[in-house]
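Comments concern the structure below.
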Amino acid sequence: MFSKLVSVLKENEPEIVVGNWGTGILPELNLIKSLDLPSKTKVILNMETFPTAWKSRKREFFERYLLKSSMKNIDGLIVPTDEMYNLLISYGFKLEDKIIYRKPFYFPRSHFETTKVLRNHDEAIKDLIFLGKPDLFRSLNSVQNQLLELAESGITISCSEKFNLSHKNIFPFKPFGIYDFDYNFSKITATHKAALVTFKIQETSDYPLRFNTSLPHRFLFPLALGLPTVVPQQGFQAIGTLIDKYQIGYRYQSIEKLKEYLRSDAVSISRNNIIDHKSELDFNADEFKAFLKKF
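In terms of numbering that gives the first Met the number 0, the sequence shown opens at residue 0 and continues consecutively.
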């Protein structure tokens, strides 16, 4: 792996390398700075999900230590939320000497130019779509019971067929990869009132930090397609901040409250708010290019 990376860097001499946060990427980023390249490559770290730990506090401390030890080799950061930025400051990281992009690095296929956005929630065929997928190795994504509970209450839900759920109110679709550019996300999402964002978290007031600081794909994808988001009220601070600020979804306390939202005009209001706040919510390629030119 290292030899291949060295070969690619020396052959192409990139001006900028962008890496997504993860403990496995840091050795590669550190390697880049150690190489004697003709042009000095700048390194940007996309803090997409930080910390990634969801169970172990020891893991959180480990990630914090690794980031601190590598910070000298990082020229810029993509920090998607104020919550994450404040966390990094609380860790004592000196961010004033870094070039920082303080917005989510959105999936670049925006609904605003490419899809028909439903302004009226009555046009939707089903209530919710869940874009997460089951993971055999991490119980974090094992939300089958939550989906069944919602379906049993009368809420109609679409989810990946990989969940292997059988219920009259659950409608499976074929799974897709996040880099599957041929997949028509809008065709599926446009027939739903809202997107569900949830994970399997133990009943505790001490929620993992990652859910307070990060914006997961299962939230960003629907948002980029103009779809409101519903999320449990407790434990998802970063998502909740955006929902509350722009009124683009609903943080539900109970299934009954969620049903009230889905049956009301509030869904249409949320959809319209996403469209009306295009400049704040849509991925802005020109703005991101301006960020890159600073290096």
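All C-beta atoms, glycine included, are put in the ideal place defined by N, C-alpha and C.
The region 79-98 in contact with the region 218-237 per 3-pair CB rule at 8 angstroms
As far as the Cβ criterion goes, the region 79-98 touches the region 218-237, which means the pair count is three or higher.
Hey, would you say L300 sits closer than 8 angstroms to E59, going by beta carbons?
Residue 300 is absent from the model: the chain starts at 0 and stops at 294.
Does DSSP put S165 in a helix, a strand or coil?
When DSSP states are grouped into helix, strand and coil, S165 belongs to the coil group.
Between I98 and the rest of its own chain, which residues show a CB-CB distance below 6 angstroms, the 5 nearest in sequence each way excluded?
Hits under 6 angstroms: G75 and K293.
Hey, would you say S152 sits closer than 8 angstroms to P171, going by beta carbons?
In this structure, S152 lies away from P171, with their beta-carbon atoms at least 8 angstroms apart.
Continuous alpha helix (DSSP H) stretch holding P231: start and end
Here P231 belongs to no alpha helix (DSSP H); instead the beta strand (DSSP E) covers T228 to P231.
The alpha helix (DSSP H) that contains V78, what's its start and end?
No residue range can be given for V78, since it is assigned to no alpha helix (DSSP H) and is classified by DSSP as neither H nor E.
Rounded C-alpha distance that separates I156 from I169:
Answer to the nearest angstrom: the Cα atoms are 5 angstroms apart.
So the candidates are G18, L8, N163 and S263; which of them puts its Cα closest to the Cα of S33?
The shortest C-alpha separation from S33 is found at L8.
So, at 8 angstroms on beta carbons, what are the nonlocal neighbours of Q252 in its own chain, with the 5 sequence-adjacent residues on each side left out?
Spatial neighbours of Q252 in its own chain (CB-CB distance under 8 angstroms, excluding positions within 5 residues in sequence) are listed in chain order as Q232.
Within the same chain, show all residues whose beta-carbon is closer than 8 angstroms to that of E62, passing over the 5 residues directly before and after it, in chain order.
Excluding residues within five positions, the ones whose Cβ falls inside 8 angstroms are T22, F49, P50, T51 and A52.
Are there 16 or more other CB atoms within 10 angstroms of the CB of N45, so buried, or fewer, so exposed?
Buried, since its Cβ has 16 or more Cβ neighbours within 10 Å.
Going by other Cβ atoms of all chains shown within 10 Å of its Cβ, with 16 needed for buried, is K41 buried or exposed?
By the 10 Å Cβ count, K41 comes out buried.
Taking the straight line between their C-alpha atoms, what separation do you get for S278 and A223?
Rounded to the nearest angstrom, the gap between the Cα atoms of S278 and A223 is 12 angstroms.
Please return the same chain residues whose Cβ sits closer than 8 angstroms to the Cβ of N140, not counting the five positions on each side in sequence.
Here the set comprises G131, K132, P133, D134, F198 and K199.
Anticipated Cβ contact below 8 angstroms, F162 with Q143, distance rounded
Indeed, because the Cβ distance is near 6 angstroms, the residues count as touching under 8 angstroms.
For E14, collect the residues of the same chain with a Cβ closer than 6 angstroms to its Cβ; drop the 5 residues on either side in sequence, then sort them by chain order.
Nothing meets the Cβ criterion.
Give the secondary structure of N19 by DSSP, where H, G and I count as helix, E and B as strand, and everything else as coil.
DSSP, reduced to helix, strand and coil, places N19 within a strand of the structure shown.
Report all residues from its chain with a CB closer than 7 angstroms to the CB of F111; omit the five preceding and five following residues, and keep chain order.
Model confidence at F111 stands at a pLDDT of 47, short of 50, so the residue's coordinates are unreliable; what they give is reported in the following sentence. Excluding sequence neighbours, F111 sits near K277 and D281.
Using CA atoms only, rank isn't needed, just tell me which of I268, R217, I254 and S68 is closest to P174.
With distances taken between CA atoms, P174 lies nearest to R217 out of I268, R217, I254 and S68.
Would you check if the distance between the CB atom of L149 and the CB atom of I254 is smaller than 8 angstroms?
Contact flag set, yes.
Assign E112 to one of three DSSP states: helix, strand, or coil.
Bear in mind that a pLDDT of 45 at E112, under 50, signals an unreliable position, so the number given afterwards is only what the model happens to contain. E112 carries a helical assignment under DSSP once its states are collapsed to helix, strand and coil.
According to DSSP, which residues form a beta bridge with V42?
Partner(s): V16.
Would S269 be called buried (16 or more neighbouring beta carbons within 10 Å of its own) or exposed?
A residue is called buried when at least 16 other Cβ atoms come within 10 angstroms of its Cβ; S269 meets this threshold and is buried.
If you measure between the beta carbons of A194 and L226, is that distance less than 8 angstroms?
Going by C-beta atoms, A194 is nearer than 8 angstroms to L226.
Helix, strand or coil at S159 according to DSSP, with G and I counted as helix
Here S159 sits in strand by DSSP.
DSSP three-state call for Y245: helix, strand or coil?
In the structure shown, Y245 adopts helical secondary structure according to DSSP, grouped into three states.
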